[in-house]
Amino acid sequence: MIGWIKRHVGTSIIVAAVAIYAAYETSTYLFVYSDDAYVATNVVFASPEVAGRLQALNVRRDQEVEEGAVLFLLDQEPFELNLDYARAKLTLAEAELKLAEDTVQAAQTRIASNESILVDSNKTLERLEDLLSRGNVAQQKVDDATRDRNVTEANLADSRDHLVGAKQAVVQQQAEVSVAKAAVAQAEWALERTIVKAPSKGRVGPVTAHSGDYVKVGQAVMALVTDDDWRIIANVRERFLESLKPGQFVWFNLGSEPWHWRRGKVRSLPAGVARSPEQTGVLPFVDPATDWIRLPRRFPIEIDLLGLQDRRRLFQGADASILVVF
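Each residue of the sequence shown is one higher than the one before, counting from 0 in numbering that gives the first Met the number 0.
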């Protein structure tokens, strides 16, 4: 056999290449292996929703924190002053609203009084006109009664106009009160946001600010590697996608324990990938090229760790490998 190989080197190479290719093609129907994988979880960048001076950092790098733990504080004094001012404006607006409502009440009372006086004036005028027709009263008396009735009608009309204006003032002051209440709520919200808490359990990553720094809205003060969603993201070639299904068991190992295989489960398969880095805001992009060769298109699949995160410490971005046997 060795002699034949020596006599037919070219043929032997071709046969070996075909055999290797056939073995490789056959293996793709038996298992999937990828060492282009890594450990991932959700990373939150803790940043304030209001701007201010950083008063205190309550945690240090690599410290483990529980959900709701205070990460850092902003100087609260300017926010407390804004809240006091907003509450004072609300008190003033409520007092002015009460005054406007009292004005409405007074106008309604005045209208009722003038209406009563008008009723009496009309009765008096009718009686005097009847007496005048029988010659029992002087014309001057009737003229005076007529004048009094006209004055009362004018007063009644004026009272009604005042009521309309008073009601409009109430509506305006009610709006002022609503604006003042919103300002108080906004000031209370801003004061609460001076205390930044951990959204979930995790470990503090890099801290990028120091006590005394002025931080802007949305400026990252620190990163928090959360324990919310530990998983492995493995990039596999597209030819294997048809053989993979959510819920399928896989084997994986971590870069820190390369020969320790553990069991996991396929969580999800991607609906697609971006063909260029410019589209990464919509779909994941997996670079198909290395320094010297173009690789087949790969798709990131997510793998559940089946509780491994509860038994050992994991690291965001750590290397991993996966093996799926069909």
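Using N, Cα and C, we set each Cβ at its ideal position, and we do this for glycine too.
None of the values given here were measured: they were computed from a predicted structure.
Where does residue i fall in DSSP's three states?
| i | result |
| --- | --- |
| N414 | Given that the chain is displayed from residue 0 to residue 325, the structure contains no residue 414 and the question cannot be resolved. |
| N234 | strand |
| T40 | coil |
| Y20 | Bear in mind that a pLDDT of 49 at Y20, under 50, signals an unreliable position, so the number given afterwards is only what the model happens to contain. Y20: helix per DSSP, three-state reduction. |
| T90 | helix |
| P77 | helix |
| E114 | helix |
| E63 | strand |
| H209 | coil |
| V265 | strand |
| G51 | strand |
| A85 | helix |
| F314 | coil |
| L70 | strand |
| D228 | coil |
| A105 | helix |
Determine the direct distance from the alpha carbon of residue j to that of residue i, and round the result to whole angstroms.
| i | j | result |
| --- | --- | --- |
| T225 | T40 | 7 Å |
| K97 | Q173 | 10 Å |
| L117 | N149 | 9 Å |
| R60 | V323 | 37 Å |
| L253 | F298 | 20 Å |
| S343 | A184 | Residue 343 cannot be examined here, being either before or after the span of the chain that is shown, 0 to 325. |
| F30 | E237 | 14 Å |
| Y213 | G201 | 26 Å |
| D119 | D142 | 16 Å |
| V170 | E114 | 26 Å |
| L162 | V216 | 48 Å |
| D160 | N121 | 22 Å |
| P245 | V38 | 18 Å |
| P77 | Q218 | 19 Å |
| Q247 | V265 | 5 Å |
| W229 | E93 | 53 Å |
| D309 | D34 | 24 Å |
| A156 | A106 | 11 Å |
| D147 | T123 | 10 Å |
| S255 | R312 | 11 Å |
| R133 | Q139 | 15 Å |
| Y20 | F71 | Only weak support is given to the placement of Y20: the predicted model assigns it a pLDDT of 49, under 50, and the value that follows is read from those uncertain coordinates. For Y20 and F71, the distance between alpha carbons rounds to 59 Å. |
| L304 | A273 | 26 Å |
| N135 | R126 | 11 Å |
| Q62 | F44 | 15 Å |
| N154 | A137 | 27 Å |
| A317 | F239 | 24 Å |
| T151 | E175 | 36 Å |
| R261 | Y32 | 14 Å |
| T145 | I110 | 20 Å |
Need the endpoints of the beta strand (DSSP E) that residue i sits in, please.
| i | result |
| --- | --- |
| G204 | 201-206 |
| S320 | 318-324 |
| Q247 | Note, Q247: premise wrong, no beta strand (DSSP E); not H, not E. |
| P299 | 297-303 |
| T225 | 221-225 |
| V58 | It is not in any beta strand (DSSP E) - V58 carries neither H nor E in the DSSP assignment. |
| K196 | 194-196 |
With distance defined between alpha-carbon atoms, name the residue in the options nearest to residue i.
| i | options | result |
| --- | --- | --- |
| E66 | A179, V272, A197 | A197 |
| V64 | R238, L223, V169, A106 | L223 |
| F251 | W188, T151, L307 | L307 |
| E209 | A55, D35, S33 | At residue 209 the sequence reads His, which differs from the Glu that was named. Answer by Cα proximity: A55. |
| V69 | V195, A233, D101 | V195 |
| E187 | Y84, N57, R310, A36 | Y84 |
| H259 | D157, I321, S199 | I321 |
| E241 | A137, F325, S199 | F325 |
| S199 | Q138, G211, D227, S177 | D227 |
| G164 | L305, E100, F239, F71 | E100 |
| S177 | E79, E95, R312 | E95 |
| T90 | P205, R109, A182 | A182 |
| R296 | Q75, R109, A233 | A233 |
| S112 | Q75, S158, V249 | S158 |
| Q75 | V249, G211, P205 | G211 |
Please state whether the Cβ-Cβ distance between residue i and residue j is less than 8 Å.
| i | j | result |
| --- | --- | --- |
| G263 | I302 | yes |
| M221 | V235 | no |
| P269 | I300 | yes |
| T193 | V49 | yes |
| R52 | L73 | yes |
| A331 | T102 | A question about residue 331 goes unanswered here, because the residues of the chain that appear run from 0 up to 325. |
| V58 | Q315 | no |
| A87 | A319 | no |
| E79 | L243 | no |
Can residue i be considered in contact with the ligand NAP, in the sense that its beta carbon sits closer than 7 Å to one or more heavy atoms?
| i | result |
| --- | --- |
| L70 | Within the structure as shown, the ligand NAP is missing, as the structure has no ligands at all. |
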